[in-house]
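J.: In full-length UniProt numbering, the protein residues as written are 3 to 495.
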Ligand code: FAD
Ligand code: MLT
Ligand code: ZN
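1) Taking C-alpha atoms, which residue in 246, 133, 144 lies nearest to residue 192?
2) Looking at ligand 4, does it come within less than 7 Å of residue 459, judged from the CB to the closest heavy atom?
3) Is residue 374 helix, strand or coil when you go by DSSP?
4) Less than 8 Å between the C-beta atoms of residue 84 and residue 485, yes or no?
5) Can you give me the start and stop residues for the alpha helix (DSSP H) that residue 352 sits inside?
6) With a threshold of 7 Å on Cβ separation, who are the neighbours of residue 379 within its own chain once the five nearest residues in sequence on each side are excluded?
7) CA-CA distance, residue 459 and residue 493?
8) In or out: residue 3 buried (at least 16 other Cβ within 10 Å) or exposed?
9) Under the three-state reduction of DSSP, which class applies to residue 310: helix, strand or coil?
10) Enumerate, from N- to C-terminal direction, the unbroken alpha helix (DSSP H) stretches of 4 or more residues contained entirely within the segment 164-225.
11) Helix, strand or coil for residue 449? Go by DSSP, reduced to three states.
12) According to DSSP, which residues form a beta bridge with residue 408?
13) Can you have a look at residue 152 and say buried or exposed, based on whether 16 or more other CB atoms are within 10 angstroms of its CB?
14) When the Cα of residue 338 is compared with those of 100, 14, 234, 250, which residue comes out closest?
15) Tell me the DSSP secondary structure of residue 339 in three-state form.
16) Where does residue 470 land, buried or exposed, given buried means 16+ other C-beta within 10 angstroms?
17) What is the DSSP secondary structure of residue 32, reduced to helix, strand or coil?
18) Per DSSP, which residues does residue 437 bridge with? Please list them.
19) Let me make sure I understand the geometry here. Which of 88, 148, 123, 156 has the alpha-carbon closest to that of residue 99?
20) Hey, is the segment 227-236 in contact with the segment 197-208, meaning 3+ C-beta pairs nearer than 8 Å?
21) I believe residue 342 touches residue 385 by the beta-carbon criterion, under 8 Å. Please report the beta-carbon distance rounded to the nearest angstrom.
22) Would you give the residue range spanned by the alpha helix (DSSP H) that residue 23 belongs to?
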């Protein structure tokens with residue numbers, strides 16, 4: 003058996019060998035084992051989709067991908083791996099943005115894609131119990147006829163899994179209204195690193211029976227175990243939803259606008275999203291959503307997308323129209339203009355402008371993505387400071403960094419600072435780090451608001467967590483995973 007000592011791994015691990023494949027055949031049917039290891043010997047290109055991330059930034063060298071259908075199969079696989087020192091990378095929809103789902107070397111990939119059944123749904127309580135590999139959009143479609151929605155929504159909804167959402171503690175576009183997954187996830191079923199199936203799949207709203215273990219797996223990015231099922235509280239569908247894009251002459255108006263919108267819309271406000279001018283231009287350039295007219299965007303430094311969700315259409319529309327009139331009629335208007343959606347198609351296309359920025363950025367070039375929590379008032383300062391810093395290093399230009407932009411979730415204090423370049427280069431990377439992390443730390447912010455640490459930020463964890471916190475995180479990791487086989491090199495170095 004070949005032992006590998008990776009650069010960033012402290013323990014020796016084993017690669018998947020032919021004898022392991024023979025054993026996996028006793029657990030899974032042949033079509034659930036994808037391997038380039040003899041005797042299966044698939045061409046390695048068959049594994050490309052599992053070895054490459056969504057951005058084309060991280061590349062793994064996994065030789066084997068297993069696709070179990072049941073928690074028992076996951077348990078049998080993990081037990082074997084624990085006994086044979088084979089490291090595992092749990093993989094959901096592979097839409098993560100920090101390299102967490104990609105092997106650092108040739109770890110075994112356990113894909114949850116075949117665990118995609120709804121186990122139960124109670125239309126009275128709204129509690130949904132689903133396999134971890136269910137795609138978020140398919141769950142939204144499942145609960146819709148029962149007049150419920152998922153408490154989470156994000157641009158990757160067509161590919162990401164609910165298990166991946168929970169593993170990353172994804173935030174997304176509805177967090178302002180429905181809170182984080184730490185609140186809406188009621189229970190989990192998890193296969194621990196020794197193969198034990200931890201059944202915490204309760205559907206209780208209230209359960210104060212000691213330590214709430216499931217919380218540890220929410221946001222653990224697959225380093226403490228493999229989530230195989232999720233029990234989640236789904237809210238009732240709003241009777242009416244509206245949205246409007248507001249064009250602002252100055253970024254400084256965002257904060258007073260947010261206050262005014264919260265005051266006037268109160269309980270029907272469901273999203274307040276920020277788009278700077280560069281982000282808007284890129285979304286339009288790459289055909290995301292419905293562009294505003296030239297007149298509407300003239301003189302706009304940035305945009306805000308406001309969504310309302312409420313119980314009665316006339317009431318909500320009246321509130322939104324009152325808000326727009328008061329904003330436009332003011333002596334010193336905070337906005338230049340507002341474009342209100344008039345029908346479901348326009349509603350979706352206004353959202354597409356915001357949700358499509360991620361895709362637009364990756365169509366434009368290679369993205370360096372910083373997902374940070376900082377005070378709202380400093381969003382623009384940080385974007386501008388990063389641009390000027392790159393300029394001072396001579397890195398702005400056609401063959402280096404082409405765009406520096408900001409967008410994000412105002413209500414959550416979460417800015418997505420993106421740097422688009424012609425290529426991923428060490429020079430740009432060195433200019434950005436630790437620069438960005440030091441700026442974040444100066445605000446006592448978070449270097450990862452919602453995307454996680456993955457492989458990208460393990461070295462930077464200390465900018466947001468003190469030594470004692472990191473030490474206790476390591477103790478928890480060692481307690482659950484003494485052999486260190488579960489997603490090694492992710493979250494913690
Ligand atoms: P993967 O990418 O497969 O995995 C992510 C991490 O979770 C990895 O560390 C992996 O090992 C682990 N993991 C996956 N499944 C399991 C499991 N069953 N058990 C244990 N560990 C597991 N994020 C936000 O927070 N908000 C957004 O608004 C948002 N928008 C996005 C828009 C786009 C277009 C894209 C591409 C990504 C976006 N993301 C966003 C990133 C986000 O983290 C993912 O989309 C999503 O939560 C990851 O789910 P996934 O199934 O693709 O997980
Ligand atoms: C978003 O808010 O659009 C997502 O978090 C994805 C991204 O940061 O690009
Ligand atoms: Zn986001």
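For every residue, glycine included, the Cβ atom is placed at its ideal position computed from N, Cα and C. It should be emphasised that the depicted structure is a prediction, and the values quoted were computed from it without experimental measurement.
T.: Judging by the given coordinates:
1) 133
2) With respect to ligand 4, the structure shown offers nothing to examine, as its ligands consist of ligand 1, ligand 2 and ligand 3.
3) strand
4) yes
5) 346-357
6) 257
7) 7 Å
8) Caution is warranted here: a pLDDT of 33 is assigned to residue 3, below 50, making its placement in the model unreliable, and the coordinate value is therefore given only provisionally. So residue 3 ends up on the exposed side.
9) strand
10) 164-170, 177-180, 183-186, 216-219
11) coil
12) 419
13) buried
14) 250
15) strand
16) exposed
17) helix
18) Residue 437 pairs with nothing; no bridge assigned.
19) 156
20) yes
21) The Cβ separation is near 28 Å, so there is no contact.
22) 20-26
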